[in-house]
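Residue numbers (numbering that gives the first Met the number 0): 0 to 148.
For reference, the structure is listed below as structure tokens.
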Amino acid sequence: MMINKILRSIQINFNGVCFYAMMVTVALFASLFVILFPLSAQSQEQGIVNHIADMPISLKIDNISVGDSPTGLIAVKGTVHNNSTENMVNVKVIVNLFDSNDELIIETMRFVTPASSIFKPGYERDFDFFVTAKDVDHYNITAYGNKAQ
């Protein structure tokens, strides 16, 4: 009702159309639209957002040796190389040992670098540890590190 009173008080006929009333109405609706529907983007994300810096980087391994030891344990040996262009931290090897039926016997992980140490491009580090397992037929060994911040 108040809008109608305002519009009636400023009416001027222009070729049979209330030009000013129409302009005021458009301005009011435009203002109302901006208030109800702001232009800022709003997102509704679900899940975890991984940053590239947080994702592990796969590293090269060579000189791998997996076999029985005199103690009856499985000896796992090799060398991890930082073949990336990034400084790395938290470098680890993940070892999966399988039987002849391709069933996983054991999965284990060992850190190759000391805590808080930087594993620079071109660096290499040997690993050598024992795992309790029997009837190992084959294995899968991977090495990963995180980009240093």
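Where is the CB? At the ideal position from N, CA and C, for every residue including glycine.
For residue 57, the uninterrupted beta strand (DSSP E) run begins and ends at 56-67, by DSSP. Bounds of the beta strand (DSSP E) holding residue 93 are 87-97.
In this structure residue 93 does not touch residue 132 by the C-beta definition: roughly 15 angstroms separates them, more than the 8 angstroms allowed.
Per DSSP, the continuous beta strand (DSSP E) segment holding residue 103 begins and ends at 103-110.
Following the DSSP letters along the chain, one finds residue 138 inside the beta strand (DSSP E) bounded by residues 137-146.
Using a 10 angstroms sphere on the CB of residue 81, the tally of other CB atoms reaches 16 or more, which defines it as buried. Take residue 72, set aside five residues on each side of it, and the residues of its chain with a beta-carbon closer than 7 angstroms to its own are 129, 130 and 131, in chain order. By the C-beta density criterion, residue 110 is exposed, having fewer than 16 other C-beta atoms within 10 angstroms. Residue range 123-130 is occupied by the beta strand (DSSP E) that includes residue 125. For the 8 angstroms CB-CB criterion, residue 145 and residue 55 form a contact.
Remark: C-beta atoms of residue 86 and residue 117 approach each other more closely than 8 angstroms. Counted as a single uninterrupted DSSP element, the beta strand (DSSP E) harbouring residue 76 occupies residues 73-80. In this structure, the straight-line span from the alpha carbon of residue 101 to that of residue 148 is close to 39 angstroms. Under the criterion of beta carbons closer than 8 angstroms, residue 135 and residue 96 qualify as touching, at roughly 5 angstroms.
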